[in-house]
Each structure stands twice: as C-alpha cells, then as structure tokens.
Amino acid sequence: MTVKGVTSRVSCAACKYQRRKCTSQCVLAPYFPANQPKKFQNAHRLFGVRNIVRILEQLDDEDQKADAMKSIIFESDMREKFPVYGCVECIFYLRQQLQIALQELQYVNAQLHIYRQQQQHSSESSVNNGRLSMLPFFSSTEAESISQGITYSDFDVSN
Ligand SMILES: [Zn+2]
0 MTVKGVTSRV SCAACKYQRR KCTSQCVLAP YFPANQPKKF QNAHRLFGVR
50 NIVRILEQLD DEDQKADAMK SIIFESDMRE KFPVYGCVEC IFYLRQQLQI
100 ALQELQYVNA QLHIYRQQQQ HSSESSVNNG RLSMLPFFSS TEAESISQGI
150 TYSDFDVSN
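Going by numbering that gives the first Met the number 0, the sequence shown opens with residue 0, and the numbers climb by one from there.
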C-alpha cells in the first residue's frame with residue numbers, strides 16, 4: 000500500500016521502541032528488524048541510540064556500517080549475558096580454548112617426534128618392539144573444568 004509515494008512498512012525495532020514512524024530512510028532498520036526487539040534494547044542500553052546513529056553517520060561504506068553494527072550488537076548482547084565482564088568473558092574463554100589447543104598441538108608434535116625416532120630405530124635394528132601409549136592430553140573432565148562451564152552457545156548471537 001502506498002500513500003503519497005511512501006510505502007507503508009513495519010516499523011523496525013528501534014522506531015517501535017521510540018514510538019516513531021519508520022521511514023525508508025531509517026538508518027537503523029536494516030540492523031534492528033521488528034521481530035528482534037531485544038537486540039535493539041541491548042544496544043540502546045549500552046551505547047544509546049544517538050551514539051549508534053552518530054557512528055553510522057561517520058561511515059560511508061556499507062560494509063563498514065555492517066561491521067560496526069555487528070560489533071555493537073555483539074558487544075551489547077554479551078553485556079546483557081555477562082553484566083560484569085561483557086565481551087571480556089568471551090575473550091577469556093576463547094583464549095583458554097586457544098591455550099588448550101596449543102598445548103595439545105605441542106603434545107601431538109612431541110608424540111610424532113617419538114614415533115619417528117622409534118620407526119627410524121626399528122628399521123635400523125629391524126625389531127619393532129614398542130608401542131607408546133596414546134593417552135589423550137586432557138581428559139574430558141579436565142577440559143570441562145578449564146572452560147569453567149562456559150559453553151560455546153553462550154557466545155552464539157544468532158538467536
Ligand atoms: Zn526504523
């Protein structure tokens with residue numbers, strides 16, 4: 000339906016929250032769809048709608064705008080989930096995961112080195128007398144306690 004050349008549309012979450020008419024020029028509409036009001040409320044609480052609009056106005060490039068909004072929305076959602084540390088909680092978790100992965104890689108490389116030496120030795124003496132134990136570097140309970148009960152789904156912003 001068109002009235003005076005303006006297509007009527009469903010107000011975005013930002014306009015709905017501010018009780019104003021959402022026009023085709025609304026800069027927030029692409030990032031805050033009407034069916035995700037929580038997303039806008041989180042971003043508004045942390046940054047304030049004026050600051051979000053100001054950030055968008057400073058950027059010319061659509062890709063940069065999209066990246067900025069992705070960052071704003073992620074930070075806001077994390078702040079809602081972890082009121083004290085916000086994004087830092089996520090950074091700590093990923094850093095721990097990286098540390099575990101690096102230690103595991105180090106262990107696997109050490110094992111590989113031992114196997115290579117063993118193989119070299121056995122081909123020289125043509126006696127294959129050894130099997131090294133292949134214990135996992137971390138048991139699942141250790142890995143769980145390291146991640147302190149934070150699950151990856153905590154950082155999933157798709158919902
Ligand atoms: Zn709008």
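We put the CB at the ideal spot given by N, CA and C, even for glycine.
Here the structure is a predicted model, which is why all the values come from computation and not from measurement.
Proximity below 8 Å, CB of residue i to CB of residue j
i   : j   : result
L55 : R78 : no
F39 : A13 : yes
A28 : I72 : no
Own chain residues within Cβ distance below 6 Å of residue i, not counting five before or after
i    : result
N127 : Annotation note: pLDDT 46 at N127 (below 50); position unreliable, no value reported.
T88  : Before going further, note that residue 88 is Glu rather than Thr in the sequence given. F81, listed in sequence order.
Contact set for residue i: own chain, Cβ-Cβ below 8 Å, skip 5 residues either direction
i   : result
G85 : E74, M77 and R78
F91 : Y84
R18 : none
V52 : V26 and L27
Contact test: residue i Cβ vs ligand 1 heavy atom, cutoff 7 Å
i   : result
L27 : yes
A13 : yes
C86 : no
S23 : no
S70 : no
H75 : At residue 75 the sequence reads Ser, which differs from the His that was named. Incorrect: S75 has no Cβ contact closer than 7 Å to ligand 1.
Minimum C-alpha distance to residue i - residue among the options
i   : options                  : result
Y16 : A33, L104, V26 and S23   : A33
C25 : E88, V107, D60 and R8    : R8
P36 : Q118, Q116, S10 and H112 : S10
K69 : Y30, L111, L58 and Q57   : Y30
Same chain, Cβ closer than 7 Å to residue i, neighbours up to 5 away in sequence not counted
i   : result
C21 : R8, S10, C11, C14 and A28
Residue i: CB within 7 Å of a non-hydrogen atom of ligand 2
i   : result
A67 : You won't find ligand 2 in this model; what it holds is ligand 1.
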